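Number of protein chains: 2
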Amino acid sequence: MNSSNTFTPIKLSDLRRSLAFEPGKGLWRSGDAGRAWRVRQGVVRLDSTTSAGHSVFGSLAIAGDIVGCETLLFGAYTFNATALTQCELSPWPEGDAAAASASLLESLAKAQRRAADLVALRGGQAVDRVLGLVRLLADGAGRVVLPARQDIADITDLRFETISRIIKTLERAGVLAAVHIDGVRASRGYAVDLSAMPA
Amino acid sequence: MNSSNTFTPIKLSDLRRSLAFEPGKGLWRSGDAGRAWRVRQGVVRLDSTTSAGHSVFGSLAIAGDIVGCETLLFGAYTFNATALTQCELSPWPEGDAAAASASLLESLAKAQRRAADLVALRGGQAVDRVLGLVRLLADGAGRVVLPARQDIADITDLRFETISRIIKTLERAGVLAAVHIDGVRASRGYAVDLSAMPA
DNA sequence: CGATTCCTTGAGCAACCTCAAAAGCGGTGG
DNA sequence: CCACCGCTTTTGAGGTTGCTCAAGGAATCG
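Residue numbers (numbering that gives the first Met the number 0), protein chains in the order written: chain A, 0 to 198; chain B, 0 to 198.
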């Protein structure tokens, strides 16, 4: 019910290498058989399937997060996963059993912090939610590739028209600046200057 | 900045037994030294401390969830924890290292599902959010002890006046019924009848 | 370059918020 | 036991933010 899904299953032959995906690409669906991954780059959107059968935003995974670990318990994914930006996944666990166990504890702690971040993106004034997402997704150098308006809307529980208005306002205020490479627009790429944010 | 906090640190001598807490009781604060626990009963509220120094709702832990596992990594808690209802915690991990590792994986999977649940509580129409929380907290027999209005408001990102209006409406519609024991009101206890919910 | 999807912008409206006041509930101490 | 105090909950009236519906423009893909 959300986003475009050019969906093809992950190939068995790829299980040992790192995989790259384009924005909008469906990675897997709830119930599919598969394995666990670590997100190396980009943003993965995880959706729950409602009783009514349509897909609603459930959570986000960004660089460092582990996704699909439930496959180790049930053999199948519980969420639908799609790439929101260009992204890269590598198989998990990556080392031996001991390394996996340490990384599990770390992942659990990280998952709990991530949950709090997500919750924060769905509360308060509309502008602050969008800025929160920008902050979450921006790299250290003040660069960010935003998801599509509709995906931002799903994440923040706002309407895409509202997101559009807010992002335009932030551009006019100098907080966001569309990035161009060789004179051509980098799709949804922005330079971020939070200090330009009016009180 | 939220809720009343009759705060006293957890005693060392209690580390091996299960502990019980009254609603409103502060369990620990971010930065405190302490250990990890499994929630046996009730609802624990976890708050992040903002840069401005005040506490904002971050997430919920209910029966079966593991809280404070980050102490095994950093030696200190990252969230402030308070009991929203009468609740009971027992030390975690409960068995040997092998059992802990299996339970970790399970906990990670559960934490991710819990995150999606929380996210769902902060989107959509006000009534549906409150009903979502009621469903999350109700036991199998259609009984629930709700947190205070202000806490429900913090969880759902609504105002406590709005929560009050919604709960009264649900009572009048027969979805919620205040529970009395020996003719005396069971504090914030309700019987739930979701089938009485109008479309 | 034609079609489809995504984004922008406007006008009016509804859901929820804000501010305010009063009633209920629980403890505490006379 | 009752009067009092603080805190929570209820209820009302009016205001604001973000939603809905609608239309046109920009991007992207074949």
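Every residue, glycine too, gets a C-beta built ideally from N, C-alpha and C. No experiment lies behind these values; they were computed from the predicted model shown.
Against chain B, which members of the region 105-126 of chain A pass a CB distance test of less than 8 Å?
Close to chain B, meaning a Cβ-Cβ distance shorter than 8 Å, are the following residues of the region 105-126 of chain A: Glu105, Ser106, Leu107, Ala108, Ala110, Gln111, Arg112, Arg113, Ala114, Ala115, Leu117, Val118, Ala119, Arg121, Gly122 and Gly123.
Mapping the DSSP letters down to three states, classify B/Arg46 as helix, strand or coil.
The sequence as given places Asp at residue 46 of chain B; Arg does not occur at that position. If DSSP states are grouped into helix, strand and coil, B/Asp46 belongs with the strands.
8 Å Cβ cutoff met for B/Gly188 and B/Val133
Contact flag unset, no.
For a quick check, are the C-beta atoms of A/Leu120 and B/Leu104 less than 8 Å apart?
No, these two residues do not count as a Cβ contact at 8 Å.
Can you tell me the Cβ-Cβ gap for A/Thr81 and A/Gly41, rounded? I've got them flagged as a contact below 8 Å.
Not quite, the Cβ-Cβ distance comes to about 11 Å (not below 8 Å), so this is no contact.
Pairwise C-alpha distance: B/Ile162 and B/His179:
If I take the Cα positions, the gap works out to 21 Å.
Cβ of A/Asp64 within 8 Å of Cβ of A/Lys109?
Yes, the pair counts as a contact, with Cβ atoms nearer than the cut-off.
Using DSSP's beta-bridge definition, name the partner residues of A/Cys68.
Residue pairing of A/Cys68 in beta bridges, as defined by DSSP: absent, with no partner found.
Would B/Phe159 and B/Arg171 be called neighbours here (beta carbons separated by less than 8 Å)?
No.
Specify the secondary structure class of A/Val174 as computed by DSSP and reduced to three states.
In the displayed model, A/Val174 falls within coil according to three-state DSSP, outside both helix and strand.
How would you call B/Val183, buried or exposed, if buried means at least 16 neighbouring beta carbons within 10 angstroms?
By the 10 Å Cβ count, B/Val183 comes out exposed.
Terminal residues of the beta strand (DSSP E) in which A/Ser54 lies
Per DSSP, the continuous beta strand (DSSP E) segment holding A/Ser54 begins and ends at Ser54 to Ile61.
Does the beta-carbon of B/Val191 have 16 or more other beta-carbons within 10 angstroms, so that it is buried, or is it exposed?
With 16 or more other Cβ atoms within 10 Å, it is buried.
Any 3 or more C-beta pairs closer than 8 Å across the region 87-107 of chain B and the region 25-34 of chain A
No, the region 87-107 of chain B is not in contact with the region 25-34 of chain A.
Where the alpha helix (DSSP H) containing B/Arg37 begins and where it ends
Where B/Arg37 is concerned, there is no enclosing alpha helix (DSSP H), although the beta strand (DSSP E) it sits in stretches over Trp36 to Gln40.
Could you tell me the distance, in whole angstroms, from the CA atom of B/Leu59 to the CA atom of B/Asp116?
About 10 Å.
Please tell me whether B/Phe56 has its Cβ less than 8 Å away from any Cβ of chain A.
True, the Cβ-Cβ gap to chain A drops below 8 Å.
Evaluate A/Leu26 with the Cβ neighbour count: other Cβ atoms within 10 Å of its Cβ, from every protein chain shown; 16 or more gives buried, anything less gives exposed.
Buried, since its Cβ has 16 or more Cβ neighbours within 10 Å.
Is the beta carbon of B/Leu107 less than 8 Å from the beta carbon of B/Arg39?
Their beta carbons are not under 8 Å apart, which means B/Leu107 does not touch B/Arg39 by this criterion.
Can you tell me where the beta strand (DSSP E) with B/Gly25 in it begins and where it stops?
Boundaries of the beta strand (DSSP E) harbouring B/Gly25: Lys24 to Trp27, taken from the DSSP string.
First through last residue of the beta strand (DSSP E) which encompasses A/Glu87
A/Glu87 -> beta strand (DSSP E) spans Cys86 to Pro90.
Could you check the C-alpha separation between A/Val210 and B/Arg128 for me, to the nearest Å?
This structure cannot speak to residue 210 of chain A, because chain A is shown only from 0 to 198.
Roughly how many angstroms separate the alpha carbons of B/Leu135 and B/Gly173, rounded to a whole number?
Distance between B/Leu135 and B/Gly173, taken at the CA atoms: about 19 Å.
Please list, in chain order, all residues of the same chain as B/Gly67 whose beta carbon is under 7 Å from its beta carbon, the five residues on each side excluded.
Sequence-distant Cβ neighbours of B/Gly67 in its own chain, meaning closer than 7 Å and more than five residues away, are Gly33, Arg34, Ala35, Trp36 and Tyr76.
By DSSP, does A/Gly131 sit in helix, in strand, or in coil?
For A/Gly131, the secondary structure class from DSSP, reduced to helix, strand or coil, is helix.
Would B/Cys68 count as contacting chain A if we go by Cβ distances under 8 Å?
Yes, its Cβ sits closer than 8 Å to a Cβ of chain A.
Could you tell me which residues DSSP pairs with A/Val144 in its beta bridges?
Note: A/Val144 is bridge-paired with A/Gly188 in the DSSP secondary-structure output.
Looking only at DSSP bridge pairs, what is B/Val183 linked to?
DSSP output for B/Val183 lists B/Ile180 as bridge partner(s).
Residue range of the unbroken beta strand (DSSP E) whose run includes B/Leu18:
Here the beta strand (DSSP E) through B/Leu18 covers Leu18 to Phe20.
Looking at C-alpha atoms only, which residue of A/Ser29, A/Leu157 and A/Arg142 is the closest neighbour of A/Leu45?
Residue A/Ser29 is the option with its Cα nearest to A/Leu45.
Just tell me which of A/Asp156, A/Leu130 and A/Asp150 has its CA closest to the CA of A/Leu169.
Comparing Cα-Cα distances from A/Leu169 to each of A/Asp156, A/Leu130 and A/Asp150, the minimum goes to A/Leu130.
State buried or exposed for B/Leu175, treating a residue as buried only when at least 16 other CB atoms are found within 10 Å of its CB.
Buried is the call here.
Helix, strand or coil at B/Ala75 according to DSSP, with G and I counted as helix
Annotated three-state conformation of B/Ala75 is strand, per DSSP.
Roughly how many whole angstroms lie between the Cα atoms of A/Thr155 and A/Thr70?
Between A/Thr155 and A/Thr70, the C-alpha separation is close to 28 Å.
What residues in the region 61-89 of chain B have a beta carbon less than 7 Å from any beta carbon of chain A?
If you check each beta-carbon in the region 61-89 of chain B against every beta-carbon of chain A, the ones closer than 7 Å belong to Cys68, Glu69, Leu71, Leu72 and Thr77.
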